[in-house]
Amino acid sequence: MTTHPKGTRARVLLSSVFGPYARDDQFGSRAINPMELYHNQVTRAQGGFSLRMFHRSWGIMLIQANISAPCTVLDFPTREGFACELRTQHYDVVGISSIIVNVGKVREMCRMVRELSPQTVIVVGGHVAATPGIENLVDADHIVRGEGIAWMRRYLGEDEAAPIRHPAIVSALATRIMGVRLPERDGGTAATIVPSVGCPMGCNFCTTSAFFGGKGKFINFYETGDELFEVMCQVEKQLKVRTFFLMDENFLLHRERAMQLLARMKDSGKSWALSVFASAHAIRKYSMQELVELGISWLWMGLESPHSTYAKLHNADTLQLTRELREHGIRVLGSTIVGLEHHTPDNIAEEIEHAVSHGTDFHQFMLYTPVPGTPLYREMAEQGRMLEDVDPADIHGQYQFNFRHAAISREDSKRFLDWAFWRDFERNGPSLYRICHTMLQGWKRYKNYPDPRVRERFRWEMTKLRGGYNAALWAMEREFRRVNRGVSEQIHTLRQEVESEFGMAARVAARALGPVLLWTTRREEKRLAAGKTYEPPTIVERSNWALPA
Ligand code: B12
Ligand code: SF4
Numbered sequence: 373m374t375t376h377p378k379g380t381r382a383r384v385l386l387s388s389v390f391g392p393y394a395r396d397d398q399f400g401s402r403a404i405n406p407m408e409l410y411h412n413q414v415t416r417a418q419g420g421f422s423l424r425m426f427h428r429s430w431g432i433m434l435i436q437a438n439i440s441a442p443c444t445v446l447d448f449p450t451r452e453g454f455a456c457e458l459r460t461q462h463y464d465v466v467g468i469s470s471i472i473v474n475v476g477k478v479r480e481m482c483r484m485v486r487e488l489s490p491q492t493v494i495v496v497g498g499h500v501a502a503t504p505g506i507e508n509l510v511d512a513d514h515i516v517r518g519e520g521i522a523w524m525r526r527y528l529g530e531d532e533a534a535p536i537r538h539p540a541i542v543s544a545l546a547t548r549i550m551g552v553r554l555p556e557r558d559g560g561t562a563a564t565i566v567p568s569v570g571c572p573m574g575c576n577f578c579t580t581s582a583f584f585g586g587k588g589k590f591i592n593f594y595e596t597g598d599e600l601f602e603v604m605c606q607v608e609k610q611l612k613v614r615t616f617f618l619m620d621e622n623f624l625l626h627r628e629r630a631m632q633l634l635a636r637m638k639d640s641g642k643s644w645a646l647s648v649f650a651s652a653h654a655i656r657k658y659s660m661q662e663l664v665e666l667g668i669s670w671l672w673m674g675l676e677s678p679h680s681t682y683a684k685l686h687n688a689d690t691l692q693l694t695r696e697l698r699e700h701g702i703r704v705l706g707s708t709i710v711g712l713e714h715h716t717p718d719n720i721a722e723e724i725e726h727a728v729s730h731g732t733d734f735h736q737f738m739l740y741t742p743v744p745g746t747p748l749y750r751e752m753a754e755q756g757r758m759l760e761d762v763d764p765a766d767i768h769g770q771y772q773f774n775f776r777h778a779a780i781s782r783e784d785s786k787r788f789l790d791w792a793f794w795r796d797f798e799r800n801g802p803s804l805y806r807i808c809h810t811m812l813q814g815w816k817r818y819k820n821y822p823d824p825r826v827r828e829r830f831r832w833e834m835t836k837l838r839g840g841y842n843a844a845l846w847a848m849e850r851e852f853r854r855v856n857r858g859v860s861e862q863i864h865t866l867r868q869e870v871e872s873e874f875g876m877a878a879r880v881a882a883r884a885l886g887p888v889l890l891w892t893t894r895r896e897e898k899r900l901a902a903g904k905t906y907e908p909p910t911i912v913e914r915s916n917w918a919l920p921a
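Residue numbers (our numbering): 373 to 921.
This is how it looks when you write it as structure tokens:
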């Protein structure tokens, strides 16, 4: 690769694809595919109780933090906003970050750069780079597959092996639930830390694993627990946070690093809470006490199916594991695939029931989706089972199959998927109720734990449970009567437990704030029924910035 002639003097724009997202348009936005993690694929059937929030585009934020060239990050621009940035600033390099589903927007953005800034070099990166024939689909000068920090440093003539500087990233923005937008206070939201990209487990469908090298491979930004600890301390100071979302595909797989981090946390008395992704077989490498001491308070775990043969689930009784984790105050987000090879119209309801019976705090359902770059896609393509006429904008795992399934039709795939979300909600209640349940179990078990860091973490969590969350229980209990009276009674019982644990404060919160939340939830339900959607704000961040000479 040749480096850019201006090296680190080149002016760089890094942009995510343009919105609005939650609507149908000719560039590939889909109403069914909003820019919201929970509402898109986890709590979408939970109406006013759905957890709604946005996440920044961390890939380009990391690249920006690790180059010394003048750089702008433009996150969630509108199409007009992107054009305006190109008209009002001069850029030598425009980097566009995207996933496959948004390839139509990348095509349009490349076209716009050519028109508005013809001298600019266009670089396209992120998962979209795995799109077959991408070179002919978009008019870009460079398509970057895999890790982008090293690529961009190399392109600008910088030391690609230099240590990774981690930006201070607030993990979520514009959070709302039950019709209320939560206040954005300093330290109120977790910080995102990205310790690595990729995952060595190499499950056949997994696009993140495949994109960063596949089975046996991944790229560590921070090899040791010591390094990670230092980064977390720095971000703790900058953002005043005590909770971290560790954006690592399988954080607990790297036990040595995690245990070193724990040792440092203990030495420094850090009462941090960590949210992580981890596979069942990795979780099993730890005792519950180790997980709790490490601050694991939220865990995203693939459940897939009881009949799947993925190594990550080897010998794992996920029902028992989920129960145990929740008993120790660890919120679990289970993830289940709908439409695996062995699924048929006859067994799928039973499989979904099994998934739902885990009673996880949250449940993601996704269609089995062969995505370019993965072993599964290659296999399906070889068998001639990929459907040719599916628009990439519809391949996001929440609509219909993009391949010929042996037993289930495309139309039915969507029906089963929707039913899974609905069934989980109906049977287990709003996720907000479930997390209150898990938090209370954790508190009861650990409130007198010998390690003060652990006690402090649970005590701190309880400030929410005895306040706003208890008021939410009051409202959920009433609102859920229409959906499932049995669950409504369980919510009532939980609220009584919270009130007997925390006395007057919890009772006052429920009586004073509960009716307000009931009203805001009902108002939200009406708004959603009328078609209300939410969009992330555009964010512009400039670094090493000076006006051109
Ligand atoms: C956060 C996230 C989101 C956020 C979006 C945030 C945003 N601002 O875009 C939310 C929750 C909204 C989301 C939604 C979706 N997501 Co998503 N998401 C992720 C997640 C969990 C983390 C992404 C991340 O930040 N990773 C860490 C950074 C450092 O890695 P990275 O982004 O890959 O960036 C690196 C390289 O790719 C490269 N790079 C990236 N950009 C650029 C740009 C340039 C110029 C260069 C040179 C390099 C480069 O360099 C970076 C550093 O190495 C990933 C899974 C994962 N672990 O990555 C899925 C993932 C990206 N999402 C995915 C999917 C499918 C979706 C949805 C379609 C899913 C759905 N049905 O709900 C929707 C689409 C929404 C939409 N309308 O666009 C897939 C993409 C699959 C594919 N092959 O395209 C992934 C990989 C998950 C998976 N395994 O299936 N997502
Ligand atoms: S364990 Fe999870 S992240 Fe790792 S390859 Fe399998 S699905 Fe992907």
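A virtual CB, placed ideally from N, CA and C, is assigned to each residue, including glycine.
All of these numbers come straight from a predicted model, not from anything done at the bench.
- Within the segment 653-685, the complete beta strand (DSSP E) segments at least 3 residues long are 668-676, listed from N- to C-terminus.
- Per DSSP, the beta-bridge partners of HIS514 are VAL495.
- With respect to PRO449, THR905 sits apart: the two C-beta atoms are not nearer than 9 Å.
- For LEU837, same chain residues with a beta-carbon under 7 Å away, outside a window of 5 residues either side, are CYS808, MET811, LEU812 and VAL870 in chain order.
- Between ASN800 and THR732, the C-beta spacing is below 9 Å.
- When DSSP states are grouped into helix, strand and coil, GLY420 belongs to the helix group.
- Under the 10 Å beta carbon count, SER729 is surrounded by fewer than 16 other beta carbons and is classified as exposed.
- In its chain, beyond the 5 residues on either side, ILE515, VAL516 and ARG517 have a beta carbon closer than 7 Å to the beta carbon of ALA501.
- 9 Å or more divides the Cβ of VAL485 from the Cβ of ALA562.
- For MET758, the shortest C-beta to heavy atom distance toward the ligand SF4 is 8 Å or greater.
- The set of residues with CB atoms less than 6 Å from any heavy atom of the ligand SF4 reads, in chain order, CYS571, MET573, GLY574, CYS575, CYS578, THR580, SER581, GLU621, ASN622, SER651, GLY674 and LYS684.
- For MET834, the enclosing alpha helix (DSSP H) has its first and last residue at 824-837.
- Per DSSP, SER915 is one residue of the beta strand (DSSP E) stretching across 911-915.
- Between the ligand B12 and the CB of LEU845, the shortest heavy atom gap is not smaller than 8 Å.
- Spanning the alpha carbons of ASN405 and ASN774 requires a straight line of approximately 16 Å.
- When ARG806, TRP794 and LEU446 are compared, the shortest CA-CA separation from GLY419 is found for TRP794.
- With contacts defined by Cβ atoms closer than 9 Å, ARG698 and PHE734 do not form a contacting pair.
- The alpha carbon of GLU696 has as its nearest neighbour, out of ALA779, SER659 and ILE709, the alpha carbon of SER659.
- Non-local beta-carbon contacts of ARG850 in its own chain, meaning distances under 7 Å to residues more than five positions away in sequence, involve LEU890 in chain order.
- A straight line joining the alpha-carbon of TYR805 with that of ARG854 spans about 16 Å.
- Counting along the chain, the unbroken alpha helix (DSSP H) around SER581 starts and ends at 579-583.
- Here ASN719 is exposed: its Cβ has fewer than 16 other Cβ atoms, across all protein chains shown, within 10 Å.
- Counted as a single uninterrupted DSSP element, the alpha helix (DSSP H) harbouring ARG795 occupies residues 782-800.
- Between the ligand B12 and the CB of PRO406, the shortest heavy atom gap is smaller than 8 Å.
- Spanning the alpha carbons of ARG825 and GLN632 requires a straight line of approximately 16 Å.
- Short of 7 Å from the beta carbon of ILE521, and not among the five residues preceding or following it, lie these beta carbons of its own chain, in chain order: LEU434, ILE435, ASN438 and ILE536.
- In the DSSP secondary-structure assignment, LEU446 is bridged to SER387 and VAL912.
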